[in-house]
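Chemist: Just so it is clear: in the sequence shown, position 172 is 163 by the working numbering, and no numbers are missing.
Positions of the beta carbon are idealized from the N, C-alpha and C atoms, including for glycine.
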Amino acid sequence: MPPFIGLTAALTRFQTALACPKQTQQAVLADILHRNRDCAFGREHRFAELKDYGDFARALPVRRYEDFSPSIEQIAAGRSGILTAEAISHFEETGGSSGGAKLIPYTDGLYAAFRRAVLPWLADLQRQRPQALAGQLFFVISPLTRSRDKTEGGIPIGSGNDLDYFGRETGAALAEKTLFLPELLAAQTAEEWQFHCARLLLSAENLSFISVWSPSILLPILQTMQERQDGLLAEIHEPRRRAVLSRALSAAQPDTRLIWPQLDTVSCWDSHTAAAPAALLRQKLPHVWIQGKGLLSTEAVSSIPFSDGLHPILAVDSHFYEFADERDIYPAWALQNGRDYRLIVTTQGGLYRYDTGDRVCIRSMENSIPRLEFVGRDSLTSDLCGEKLTEAFVRRAMLRTSPGLPDHALLQGVNAAPPYYRLILSDGHPASDTGLTTALDNALGENPQYAYARRIGQLAPPQCARTADLQQYAAALFRADQRLALRKTPLLLPPADA
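#1: Are the beta-carbon atoms belonging to arginine 107 and aspartate 255 less than 8 angstroms from one another?
#2: Would you mind stating whether glutamine 339 and leucine 101 have Cβ atoms separated by less than 8 angstroms?
#3: Using 8 angstroms as the Cβ pair cut-off and three pairs as the minimum, do the stretch 296 to 303 and the stretch 316 to 330 touch?
#4: Between which two residues does the alpha helix (DSSP H) harbouring asparagine 433 extend?
#5: Let me know if leucine 176 comes out buried or exposed under the rule of 16 or more other beta-carbons within 10 Å of its beta-carbon.
#6: When you compare only the Cα positions, how much space is there between isoleucine 281 and proline 121?
#7: Just verifying my parser: in three-state terms, what is the DSSP assignment at leucine 380?
#8: With burial defined as no fewer than 16 other Cβ atoms inside 10 Å of the residue's Cβ, what is the status of lysine 284: buried or exposed?
#9: Write down every uninterrupted run of the alpha helix (DSSP H) in the stretch 203 to 287 whose length is 4 residues or greater and which is fully enclosed by it, in chain order.
#10: Can you list, in chain order, the residues of its chain with a C-beta nearer than 6 angstroms to that of leucine 74? Leave out the 5 residues immediately preceding and following it.
#11: Just to confirm before moving on: does the CB-CB distance between proline 211 and glycine 448 stay below 8 angstroms?
#12: Would you tell me roughly how many angstroms separate the C-alpha atoms of leucine 213 and threonine 289, rounded to the nearest one?
#13: Per DSSP, which one or two residues make a beta bridge with glutamate 83?
#14: In this structure, does DSSP put serine 294 in helix, strand or coil?
#15: Do glutamine 119 and serine 199 have their C-beta atoms closer together than 8 angstroms?
#16: Rounded to whole angstroms, what is the Cα-Cα separation between aspartate 155 and isoleucine 132?
#17: Let me make sure I understand the geometry here. Which of Gly436, Gln463, Pro452, Ala465 has the alpha-carbon closest to that of glycine 86?
#18: Just the C-alpha distance for arginine 362 and arginine 333, rounded to the nearest angstrom, thanks.
#19: For the alpha helix (DSSP H) containing proline 439, name the first residue and the last one.
#20: In the DSSP output, which residue or residues are listed as bridge partners for glycine 367?
#21: From alanine 225 to isoleucine 250, what does the alpha carbon distance come to, in whole angstroms?
#22: Helix, strand or coil for alanine 181 per DSSP?
#23: What do you reckon, are the CB atoms on isoleucine 360 and proline 111 nearer than 8 angstroms?
#24: Tell me whether glutamate 378 is buried or exposed, calling it buried when 16 or more other Cβ atoms sit within 10 Å of its Cβ.
#25: Using alpha carbons as the reference points, say which of Leu305, Thr7, Phe105, Thr264 lies closest to alanine 291.
#26: Roughly how many whole angstroms lie between the Cα atoms of alanine 114 and glutamate 357?
#27: Can you grab the Cα-Cα spacing for the pair proline 410 / leucine 209, in whole Å?
#28: From leucine 483 to asparagine 433, what distance separates their C-alpha atoms?
#29: According to the neighbour-count rule (16 or more other Cβ atoms, all chains shown, within 10 Å of its Cβ), is leucine 450 buried or exposed?
#30: If you reduce the DSSP assignment to three classes, tell me which class proline 485 lands in.
#31: Could you check whether the stretch 451 to 460 touches the stretch 414 to 422, counting it as contact only if at least three pairs of C-beta atoms, one from each stretch, sit closer than 8 angstroms?
#32: Identify the continuous beta strand (DSSP E) that holds serine 393 and give its terminal residues.
#33: Just tell me which of Ala1, Asp346, Tyr443 has its CA closest to the CA of glutamate 160.
#34: If you drop the 5 nearest sequence neighbours on each side, which residues of the same chain put their C-beta closer than 6 angstroms to that of alanine 407?
#35: Taking aspartate 349 as the reference, which of Leu124, Pro96, His263 has the closest Cα?
Structure, rendered in structure tokens:
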């Protein structure tokens, strides 16, 4: 099939950027500084006087979200020209802060930076696997629920259309092939959402491509197809299609090749905590290529799958990237193969030297361009399927659940199907297990990604386990994780297998 509108030009631009990565990164940084020299943050940090990367690194400290929070609150209240000279079009909401929810400002320039990564990814996918985009498409990108629709200053939260990430022309072309069901936007239980998704996907005989954040979004939908096949088949009104689905779903292991003979590619996370569910997805879709997503977050796009490399490549002309280890901070062109780094980004949305907390390992250096693998979070943050619960947020949630609970409990993610959180409680705590887990579930729901994952069944409800000695329980983990051994017992433990 011919390329979608805009993909050929985007691929050519990206290949040009890959040919001169150092110059590309320097140009990205210079452009961000030039465009924002007259905003409040740019004036405060003398952007107009910064001539190169060295000046930039000396003038600005590395920051976390909490350092930007006062400025973002001003923007949310309606003030302009704070972090960017460009107008804020909307906010996106994500997890990962001590308060549970982070507002990330979006500008047209930030959207353009995302497009400089996602369009080359799509172009390369179509080049490598021509059938992937030949049929119908299914995307799950942004959470369907947010804590509110607008900020107090009237700025929208959410763009209203996930295909905006692809640009107007490409997005419109994709929309013509993308599956959509109005019921998916309605407030509903996880079971209802999974049923509607299953019905939509089963109706799509020509489905060729699925894109979801996590494989744990798709696995419960596949399970729903088998467990509720009678009700789903009743919704399929074309006799021939219904007969095919009945035969495919009646097997002990549903015949997904028969259900979707044209399904070529599923794009989802496949590393770190997503590795096990991605492996399970490969078993359930043996005829489909499972493509790892690279490192893509609400704040920034950092790497994309590209060409035939085993690991995603740096999105070299999207944002400006730095990498920190225990000794120093380095630009993207000065990294060592095989080393682990913490990722720092400077974006067109007003996040300057922003510490993402993501740890990556450099798997190869091609023409001074890193191919990198996400290997976890730097801080004690739990991220089973995108929720990014911080230890500070978990402490607040525990205190809301029961005063004094942080002194008698730990929280641990469990890699199961679906994953869930285990509240590890000391034997002497008097509260009922069921009451605590229900209240904790509600408190953790202040994190919008957690609430979304629970709503669609991507996360199962918390469970409770008792132990006689919390310190002894944690000590076994300390031996496996030397980072933990160097500090006091945390409330939030590394994930465990079921």
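Modeler: According to the data block:
#1: no
#2: yes
#3: Cβ pair count under 8 angstroms is below three, so no.
#4: Taken as a continuous stretch (DSSP letters only), the alpha helix (DSSP H) holding asparagine 433 covers 424 to 435.
#5: Exposed is the call here.
#6: 15 angstroms
#7: strand
#8: Lysine 284 should be labelled buried.
#9: List check, alpha helix (DSSP H) in window: 206 to 218, 220 to 225, 230 to 240, 247 to 250, 266 to 275.
#10: Phe32, Ser62, Gly341
#11: With a cutoff of 8 angstroms on beta-carbon distance, proline 211 and glycine 448 are scored as near each other.
#12: 27 angstroms
#13: Ile95
#14: Strand.
#15: no
#16: When the Cα atoms are used, aspartate 155 and isoleucine 132 turn out to be separated by approximately 11 angstroms.
#17: Gly436
#18: 14 angstroms
#19: Here the alpha helix (DSSP H) through proline 439 covers 439 to 446.
#20: Arg350
#21: 16 angstroms
#22: helix
#23: Cβ distance not < 8 angstroms, so isoleucine 360 and proline 111 don't count as in contact.
#24: If you draw a 10 Å sphere on the C-beta of glutamate 378, you find 16 or more other C-beta atoms in it, and that means buried.
#25: Phe105
#26: 20 angstroms
#27: 13 angstroms
#28: Each residue's Cα considered, the two are about 17 angstroms apart.
#29: Result: buried.
#30: strand
#31: yes
#32: Here serine 393 belongs to no beta strand (DSSP E), and DSSP marks it neither H nor E.
#33: Ala1
#34: Ala489
#35: Looking at the Cα atoms, His263 is the closest of the given residues.
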